[in-house]
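S.K.: In our numbering, the protein residues as written are 10 to 896. Beta carbons are placed, not taken as given, at the ideal position from N, Cα and C, and that holds for glycine.
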């Protein structure tokens, strides 16, 4: 087309636009044949004149063929499925998943253990609804009223948004001159990271307690057995995890294990779908064992006691591989790691377990406290709600099996998210060590490795800029309100100052405090309110923060309480490499659409703001980033010996394939703990620790206990037993648990109408508890405690054990404009508790009821190695439920 022709073509009048729109409508509403006939009557593209519509030939504009695009859906941590996206005219019209092959002659593929199909759950199959959801964040928005009032948001341009956020950041830079750091709590990837040292968190809601136990007992980065290894087991104990919901891709292994006749026992506080589907029992042990939340470690302590008293433990293994089991145990370390505080090697140092601190002495102390063998079992039975006989028989069956696996998911389940979850996780390690199952095929200590052990390693992203990227000062996420209000978390002033000196080389002075004057929730950093504890208290604390900026896709609670919302693109609007269900698969997540509306990729949002700050970030395409990653892709060490025929595909091939698996035979699965010789574990002692000298030295555990012990929960069943009153003066009679559900990934998918219509939201209550409170299925009830009140329908069920109610995790907070509730908590951060009038939460977000207490042994020094130090205490907390609204 010539130069003048181009000008003529772009000269669009209102008349031509209307005619073009008519052609568009015709394309959408008539058959393909009719469209072709209409197009044939019009002039061709080459003959367009000024007064003719642009859309002369719809076939020249629209791609009417159906394209099938391989893409990917992320469920939760270490869970995913492969999707097939059907795209027409640039729009996603349908989604199917692995397993959509014809039924005839498909058995071999369906049954393949090593080239697994990852079929979509309801979340994956509803990605289309989420992509085109009318309530997506579509444009940059600015709050013009009080935070939390969504009617105050107005649309602004990207230019105004970038300039506004940049002005906030420049103001914080001025404060940096006084403080020595930026008073910005910056999560994810954000522009603040290029300006100076910011504030960020340590602590992890999913796995903090488990990771602290593993670091203390096994050392950094030591992994559990892979999920597929349960097919080598002779007994599987699924403890406190509903695999069908949280990691449905693992249910295939459980199905195969059950088909193979491997006995399965499920321990939980409710009769889960996993228990209903897979539990078989063994000998005198039933398939399902119900235990009260927060008492799991009492049951494990009693099981360890049975093995100890009957001398059924592996003494040779304990003496060669462990430290702290026997009294006066003394070892000289052969560990190759260094003390992270002093920077001195542990190798050559001698450690002795203090008197009274060995595990054997602890087990003997239980007998002294509860009189005799039977007394210890009865103690555990009275706490857990199961029987002494079941506890004893499970211990004996566990010991008797030649290979027995604790199977607790990637984060050792809900029992780990309790006030004593650190010790529950450590008890699993202890029992596995006592029996030798900790370093054995078919064994395992609960934590499921997020990989079969072998995965393609890809290179890093190409650098976006030559500008320096700064680190951050860490504070505990569980003390966020305290830090905002007082500048301190749970550490002493001396500990805070020492940590910041050690990790950041910044001296906070004699009165060390951390100032949070701005919050920026950057790329992929969750919802501070819905996914963290104690929403009402956070809302009060956030009133003290000057600026809040949020990258977001939906109107989350954090977005509602922001000043600026920046609309981020979704996963289906970008192409990237990602690891699959258990990291042994590399996936290509192809985009099916360009970013809709005025949404932008996270890195593009950061680039626009950085430009206003005078920092140039490179504008790479998705493909440029992936090519740079693939240039350095390699097979893991040792895999070539397992599968010499497997070769590395080139870039174009991997992009077309969509996924690449590294299958591993059952006798070659990677068992991390089998790689360490006696004395060479990466711990301080070089052994598997029943007592941790490092943890004792750091003094960061919330209880001064440095090995597996039963510690009563701060809010738990013993509180109910003793009829203790809360600070508000209420003796609560129920515990609640907060399981994940099949139709949400935290709060993601909570706003998808299809899923809302399919899955009801309710509080599940046992028949016995419902009867005493006059509650029937369908009644609208209030669930409340000191921290807040939620309102939702009740479901009376035989699934929860008496004394326990179930409130599913992930609902978005929706405060009532009419109903209020008087909560009772500290709004100063100084321990000054008082009555606070809060709205009743109609969204039934369980974080309205959870308490932001410290749990486990959170430590920013440990966090360097685990990225997850410090645990969450939500499961088993106290509440009450009623039809009548509480005062």
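Which of the three DSSP states, helix, strand or coil, is assigned to residue 625?
M.R.: It is coil, neither helix nor strand.
S.K.: Just to confirm, are residue 207 and residue 216 a CB contact at a threshold of 8 Å?
M.R.: For residue 207 and residue 216, no; Cβs fall outside 8 Å.
S.K.: Who are the near neighbours of residue 694 in its chain, counting only those whose CB is closer than 6 Å to its CB and skipping five residues on each side?
M.R.: Cβ neighbours of residue 694 beyond the five flanking positions: 332, 340, 342, 360.
S.K.: According to DSSP, which residues form a beta bridge with residue 862?
M.R.: DSSP output for residue 862 lists no bridge partner at all.
S.K.: Does residue 853 pass the burial test, meaning 16 or more other C-beta atoms within 10 Å, or should it be called exposed?
M.R.: Its Cβ being crowded by 16 or more others within 10 Å, residue 853 is buried.
S.K.: Of all the alpha helix (DSSP H) runs that stay within the bounds of the segment 719 to 794, which reach a length of 4 or more residues?
M.R.: Taking only runs of at least 4 residues, the alpha helix (DSSP H) segments lying wholly in the segment 719 to 794 are 726 to 730, 762 to 767, 776 to 782.
S.K.: Please work out which residues of its chain come closer than 6 Å, Cβ to Cβ, to residue 290, disregarding the five sequence neighbours upstream and downstream, and give them in chain order.
M.R.: Closer than 6 Å at Cβ, skipping near neighbours: 296.
S.K.: Give me, in chain order, the residues of the same chain whose beta-carbon lies closer than 8 Å to that of residue 892; leave out the 5 immediate sequence neighbours on both sides.
M.R.: Correct list, in chain order: 782, 783, 784, 788, 789, 790, 791.
S.K.: What residues in its chain sit with their C-beta under 6 Å from that of residue 585, if we drop five residues either side in the sequence?
M.R.: Only 598 meet the Cβ criterion.
S.K.: Between residue 305 and the rest of its own chain, which residues show a CB-CB distance below 6 Å, the 5 nearest in sequence each way excluded?
M.R.: Cβ neighbours of residue 305 beyond the five flanking positions: 424, 433.
S.K.: Would you be able to state if there are at least three C-beta pairs under 8 Å between the segment 791 to 810 and the segment 766 to 783?
M.R.: Yes, they touch.
S.K.: List the whole-angstrom C-beta distance separating residue 880 from residue 430, where the pair is believed to meet the contact cut-off of C-beta under 8 Å.
M.R.: With 8 Å as the limit, residue 880 and residue 430 qualify as a contact, their Cβ atoms being about 5 Å apart.
S.K.: In or out: residue 886 buried (at least 16 other Cβ within 10 Å) or exposed?
M.R.: Classification of residue 886: buried, given that the 10 Å Cβ count is 16 or more.
S.K.: How would you write the range of the beta strand (DSSP E) that residue 699 sits in, first residue to last?
M.R.: Premise fails: residue 699 is in no beta strand (DSSP E) and is neither H nor E.
S.K.: Output needed for residue 494: all residues of its chain with C-beta closer than 7 Å, excluding positions within five of it in sequence on either side, in chain order.
M.R.: Contacts found: 550, 553, 837, 838.
S.K.: Decide if residue 543 is buried, meaning its Cβ has at least 16 other Cβ atoms within 10 Å, or exposed.
M.R.: Result: buried.
S.K.: Suppose you measure from the CA of residue 820 to the CA of residue 762; what does that come to, to the nearest Å?
M.R.: Roughly 13 Å separates the two Cα atoms.
S.K.: Is there contact here, the segment 437 to 454 with the segment 226 to 240, by at least three beta-carbon pairs under 8 Å?
M.R.: A contact exists between the segment 437 to 454 and the segment 226 to 240.
S.K.: Would you call the segment 749 to 767 in contact with the segment 121 to 134, where contact means no fewer than 3 C-beta pairs closer than 8 Å?
M.R.: Yes: the two stretches touch, three or more of their Cβ pairs being nearer than 8 Å.
S.K.: So, is residue 826 buried or exposed, given that buried needs 16 or more other C-beta atoms within 10 angstroms?
M.R.: Flag for residue 826 reads exposed.
S.K.: Would you call residue 844 buried or exposed, if buried means 16 or more other Cβ atoms sit within 10 Å of its Cβ?
M.R.: Residue 844 should be labelled exposed.
S.K.: In angstroms, rounded to a whole number, what distance separates the CA positions of residue 54 and residue 571?
M.R.: Only weak support exists for where residue 54 lies, its pLDDT of 29 falling under 50; the value from the coordinates is given anyway. Spanning the two alpha carbons is a distance of roughly 49 Å.
S.K.: Can the beta-carbon of residue 804 be found less than 8 Å from the beta-carbon of residue 823?
M.R.: Their beta carbons are not under 8 Å apart, which means residue 804 does not touch residue 823 by this criterion.
S.K.: By alpha-carbon positions, which one of 499, 573, 541 ends up nearest to residue 531?
M.R.: Residue 573 is the option with its Cα nearest to residue 531.
S.K.: Exposed or buried, residue 675, counting other C-beta atoms within 10 Å across all chains shown (16 or more means buried)?
M.R.: Result: exposed.
S.K.: Since residue 334 is in the alpha helix (DSSP H), which residue starts that stretch and which ends it?
M.R.: From DSSP, residue 334 is part of no alpha helix (DSSP H); its letter is neither H nor E.
S.K.: Under 8 Å, do residue 385 and residue 314 count as touching if we go by C-beta distance?
M.R.: Contact: yes.
S.K.: So, residue 299 versus residue 389, is the Cβ gap smaller than 8 Å?
M.R.: Cβ distance not < 8 Å, so residue 299 and residue 389 don't count as in contact.
S.K.: Please report the straight-line C-alpha distance between residue 60 and residue 97, rounded to a whole angstrom.
M.R.: Summary for residue 60: the model assigns pLDDT 34, below 50, so the residue's position carries little reliability; its value from the coordinates is reported in the next sentence. So the alpha carbons of these two residues sit roughly 30 Å apart.
S.K.: Is the CB-CB distance between residue 834 and residue 796 below 8 Å?
M.R.: A contact, by the Cβ cut-off of 8 Å.
S.K.: Relative to the alpha-carbon of residue 548, which residue among 265, 143, 184, 848 has its alpha-carbon at the smallest distance?
M.R.: Nearest of 265, 143, 184, 848 to residue 548, Cα basis: 848.
S.K.: Under the three-state reduction of DSSP, which class applies to residue 619: helix, strand or coil?
M.R.: Helix at residue 619.
S.K.: Look up residue 602 in the DSSP assignment and say whether it is helix, strand or coil.
M.R.: It is coil, neither helix nor strand.
S.K.: Does the beta-carbon of residue 100 have 16 or more other beta-carbons within 10 angstroms, so that it is buried, or is it exposed?
M.R.: Residue 100 should be labelled exposed.
S.K.: Does the structure place the segment 621 to 628 close enough to the segment 690 to 704 that three or more beta carbon pairs sit under 8 Å?
M.R.: Not touching, per the Cβ criterion.
S.K.: Taking the straight line between their C-alpha atoms, what separation do you get for residue 373 and residue 242?
M.R.: Looking at the two C-alpha atoms, the distance is approximately 31 Å.
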